Each structure stands twice: as structure tokens, then as C-alpha cells.
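Engineer: So that we are looking at the same thing, I have put the structure below in C-alpha cells.
This is how it looks when you write it as C-alpha cells:
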């Protein structure tokens with residue numbers, strides 16, 4: 001017979017919803033919380049419920065936000081910027097924010113075009129993006145979608161949309177990553193780096 | 001500025017309490033739940049609160065239980081068994097249950113002797129174990145503590161306790177694990193296997 005009580009079984013089952021967590025890890029997590037850190041377990045439970053219930057999307061850029069507008073869209077210095085960066089996810093947006101390089105506004109697709117998975121322009125809020133382009137005030141759209149097949153397709157679709165609205169459009173440079181060793185780079189990265197080489 | 005809302009920050013912070021989860025993994029978990037599976041996030045939140053609040057310890061064997069007595073201790077066929085297996089944690093107990101080899105009762109220490117960490121006999125409920133030994137009905141105590149330095153020390157302490165109560169005591173066999181390759185085994189395992197060799 002199983003030595004697990006129903007509540008414990010439910011907890012282990014629920015932990016398996018986390019990415020990268022299988023049955024063994026879920027069991028270890030449950031036991032660790034129960035044995036050593038019930039307070040942290042309670043805190044995590046409350047944080048999950050509060051976040052799932054309280055976090056919506058920014059009405060302007062679609063990133064996660066508890067307010068109708070996110071912090072960046074509320075910032076007058078940024079929300080008037082002529083630069084608009086389009087990213088695939090809130091995590092990508094955060095990675096860019098952490099570089100401190102960009103001080104314009106964002107638009108978060110929350111996915112990338114993938115017709116086979118039923119993700120089309122409507123799911124990515126592209127009508128909303130189009131309204132923002134039509135409203136004017138944007139000089140350049142920087143496409144920062146992932147350098148993958150889906151990301152490229154999304155970027156291509158978006159570039160056509162921008163051109164229709166006569167807005168300049170650019171894409172993040174592709175090439176060799178900082179600190180990478182040429183020896184271990186894949187062929188596509190190397191060919192992108194070659195074809196995109198810059199004169200010094 | 002950070003692109004994270006307070007609720008999101010709290011959630012990421014709380015997820016880091018899980019074993020093996022650092023800041024990057026916590027962020028990925030939070031975004032994945034928010035983007036794709038809010039229902040699972042809610043379920044996990046509720047399961048955590050229910051488990052942290054509702055799961056206590058079995059009064060008899062100390063394993064996790066929602067009832068005063070766990071399923072095994074409630075089972076008359078098992079709770080009258082003359083065999084008592086002492087394990088370090090509920091996870092160990094479950095691993096033994098899954099073999100289907102043992103049909104006696106358990107006593108779960110919920111730790112191992114470690115005076116430097118302030119874990120002495122009282123923390124492991126050894127007075128409770130002693131009461132059970134004194135109450136009689138137990139012919140043999142099987143020590144299934146971990147084959148580590150702390151586990152060995154705990155087993156040594158427990159064996160003296162059992163001898164004082166004139167109860168036979170045994171320890172899990174140590175040797176080469178099934179499917180292991182001798183070439184890659186550590187020296188202590190091999191020497192244990194040699195000194196514990198069996199005549200065929």
C-alpha cells in the first residue's frame with residue numbers, strides 16, 4: 001500500500017505542473033517543505049494564489065501587470081519614446097531591461113506565430129500593436145523576437161505590418177555571442193555572423 | 001527598472017524555497033504558470049496550503065499523516081506485526097513500501113542523530129520508540145537508516161537501545177547495489193561487500 005496520504009498525493013501531483021519537475025522531484029519538494037519548512041510552503045501557497053488571481057496584463061504593452069498599466073507604460077519618460085521594442089515574452093522583456101541599454105517602450109506578444117498550434121496574429125494581440133502604430137509617435141520598431149524559426153517568421157510578419165504603417169523597423173543583430181568559442185558554435189550562427197560582418 | 005510587479009517578485013522569491021530551485025528556475029516557473037497554466041498554479045497554491053495545514057504526524061510511527069494514525073498503523077494486520085522497521089524519513093519508508101517486501105510496522109525518525117546540528121534522541125522521538133519496545137510485541141527491530149556516517153551512528157545508538165530492551169536487532173545488508181558495475185564502485189562499498197560476503 002502507498003504510504004502517502006491524499007493531501008500529500010494531491011500536493012505531489014500539483015507540483016508536477018511546474019516546468020522540469022517530475023514525480024521524484026515533486027516528492028522530494030513536498031517532503032522537504034513538510035519536514036523542514038512549512039512556513040515557506042504556506043508562503044508559497046499564498047503567493048501562488050495571489051499571483052494567479054492578481055496578475056493580469058498591461059493594457060498598453062501586454063506584459064504581466066497588477067495595474068491596468070505596467071510600471072514602464074506608466075513612466076511618462078518611456079511611454080512617449082519613439083522606440084518600440086517587440087518581444088516574445090515578459091521574460092525576454094526583463095532580460096532586455098536588465099541590460100539597461102533600452103529606454104523605449106515595449107510590446108509583448110506573449111508567444112510567437114505558430115499556425116499549427118493555433119497561434120495567429122489575433123492571439124499575439126497584433127491588432128492592438130497595429131492601433132499603436134496607427135496612433136503615431138513611433139519612429140522605429142525593434143523586433144526582438146527569438147532567433148529561431150518561429151521567431152524569424154514572427155519578425156517577418158511584423159516587419160510587413162510596420163512597413164504598411166510606414167514605420168522603420170529593425171531586428172536585433174545576429175552573430176557570435178559574447179564569450180562564445182568559435183570552435184563550438186553551430187553553423188547557422190557562424191554563417192549569420194559572416195553575412196552580417198561589419199567593416200571596422 | 002525592474003519589469004516585475006510586486007506579486008510576481010513575491011512568487012519568484014517564494015518558489016526559491018523549493019529544493020534545487022534558484023532565481024532563474026523560479027522565474028521560469030512563475031512565467032510558465034502565469035502564461036500557460038493559471039489553473040495549475042491555483043491548484044498548486046491550494047494543495048500547498050491544505051498540505052501544510054492538514055498534514056501532521058502519525059501518533060504511532062511519526063510518519064506524515066492527516067489522521068491521528070497513518071494507514072499502515074491503522075491496518076490491524078500490520079500494526080500487530082512482530083517486525084519493526086526504523087527509517088530516517090517518510091521518503092525512505094515509501095521507498096521500502098514500494099518494494100512490497102516488508103509487511104511489518106515502521107518507526108520514522110524524521111532525521112538522524114547529528115549532535116552538531118542539535119538533533120539528539122529527543123528530536124528523533126526515541127522516547128516514543130522506547131515506549132513501543134517496552135510495551136512488548138516486537139521480536140525484531142530492522143534498522144534501515146541511511147548507509148552514511150550519521151545513519152551508522154544513529155543505527156549504533158538504536159541497536160544499544162534495543163539490546164537494553166532485549167529485542168533482536170538487525171541492519172539492512174550493505175554491499176554492491178543491483179545493476180552497479182564493480183569498476184565504478186567506491187572503495188567503502190566494495191570493502192563492505194567483501195567483509196559481508198555470503199557462502200553459496
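Residue numbers (full-length UniProt numbering), protein chains in the order written: chain U, 1 to 200; chain X, 1 to 200.
The beta carbon of each residue, even a glycine, is placed where N, CA and C say it ideally should be.
This one's a predicted model, so the numbers in the text were calculated from it and none came from an experiment.
Please list, in chain order, the residues of the stretch 5 to 20 of chain U that have any C-beta partner in chain X closer than 8 Å.
Structural biologist: Those would be 5, 6, 7, 8, 10, 11, 13, 14, 15, 17, 18, 19 and 20, in chain order.
Engineer: Using the C-alpha atoms, what's the distance from residue 52(X) back to residue 40(U)?
Structural biologist: Taking the first chain and counting its residues from 1, one reaches residue 40(U) at position 40. Taking the second chain and counting its residues from 1, one reaches residue 52(X) at position 52. Roughly 9 Å between the two C-alpha positions.
Engineer: Find the nearest neighbour of residue 123(U) within the set 16(U), 108(U) and 135(U), judged by alpha-carbon distance.
Structural biologist: Translated into the one-based positions of the first chain, residue 123(U) becomes position 123. Answer by Cα proximity: 108(U).
Engineer: Would residue 110(X) pass as a contact of residue 97(U) if the rule is Cβ separation under 8 Å?
Structural biologist: Sequence index remark: in the second chain, residue 110(X) carries index 110 (1-based). Sequence index remark: in the first chain, residue 97(U) carries index 97 (1-based). The answer is no: Cβ separation not under 8 Å.
Engineer: If you compare alpha carbons, which of 17(U), 59(U) and 25(U) is closest to residue 43(X)?
Structural biologist: The residue labelled residue 43(X) in the question sits at position 43 within the second chain. Of 17(U), 59(U) and 25(U), the residue nearest in Cα terms is 17(U).
Engineer: Which residues in the same chain have their Cβ closer than 8 Å to the Cβ of residue 89(U), if we skip the five residues on either side of it in sequence?
Structural biologist: Your numbering for residue 89(U) matches position 89 in the first chain. So the qualifying residues of the chain are 108, 109, 110 and 111.
Engineer: Just checking, does the stretch 123 to 136 of chain X make contact with the stretch 150 to 165 of chain X on the three C-beta pairs under 8 Å criterion?
Structural biologist: A contact exists between the stretch 123 to 136 of chain X and the stretch 150 to 165 of chain X.
Engineer: Report yes if the CB atom of residue 64(U) is closer than 8 Å to the CB atom of residue 25(X), and no otherwise.
Structural biologist: By one-based count along the first chain, residue 64(U) stands at place 64. By one-based count along the second chain, residue 25(X) stands at place 25. No, Cβ-Cβ distance for residue 64(U) and residue 25(X) is not below 8 Å.
Engineer: Specify whether the stretch 70 to 77 of chain U and the stretch 71 to 85 of chain X touch according to this definition: at least 3 beta carbon pairs, one from each stretch, less than 8 Å apart.
Structural biologist: At 8 Å Cβ cutoff, the stretches do not touch.
Engineer: Would you mind reading off the limits of the beta strand (DSSP E) that contains residue 140(X)?
Structural biologist: If you number the second chain from 1, residue 140(X) lands on position 140. Here the beta strand (DSSP E) through residue 140(X) covers 140 to 144.
Engineer: Closer than 8 Å between beta carbons: that is the criterion. Which residues of the stretch 119 to 130 of chain U meet it against chain X?
Structural biologist: Within the stretch 119 to 130 of chain U, no residue has a Cβ that lies closer than 8 Å to any Cβ of chain X.
Engineer: Under 8 Å Cβ to Cβ from residue 134(U), same chain only, skipping five residues before and after it: list those, please.
Structural biologist: As a first step, residue 134(U) must be located in the first chain, where it is residue number 134. These residues qualify, in order along the chain: 165.
Engineer: Quick one: does residue 38(U) have its CB under 8 Å from some CB of chain X?
Structural biologist: On the first chain, position 38 is the one that residue 38(U) refers to. Judged by the 8 Å Cβ criterion, residue 38(U) is in contact with chain X.
Engineer: Can you have a look at residue 154(U) and say buried or exposed, based on whether 16 or more other CB atoms are within 10 angstroms of its CB?
Structural biologist: Counting from 1 along the first chain, the entry for residue 154(U) is found at position 154. Label assigned to residue 154(U): buried.
Engineer: Interface residues of chain X around residue 43(U) at Cβ under 8 Å?
Structural biologist: Walking along the first chain from the start, residue 43(U) turns up at place 43. Within 8 Å Cβ-Cβ: 14 and 17.
Engineer: Can you give the beta carbon distance from residue 190(U) to residue 170(U), rounded, assuming they're within the 8 Å contact cut?
Structural biologist: Here residue 190(U) is taken as the residue at index 190 of the first chain, counted from 1. Here residue 170(U) is taken as the residue at index 170 of the first chain, counted from 1. Not confirmed; about 22 Å, so no contact.
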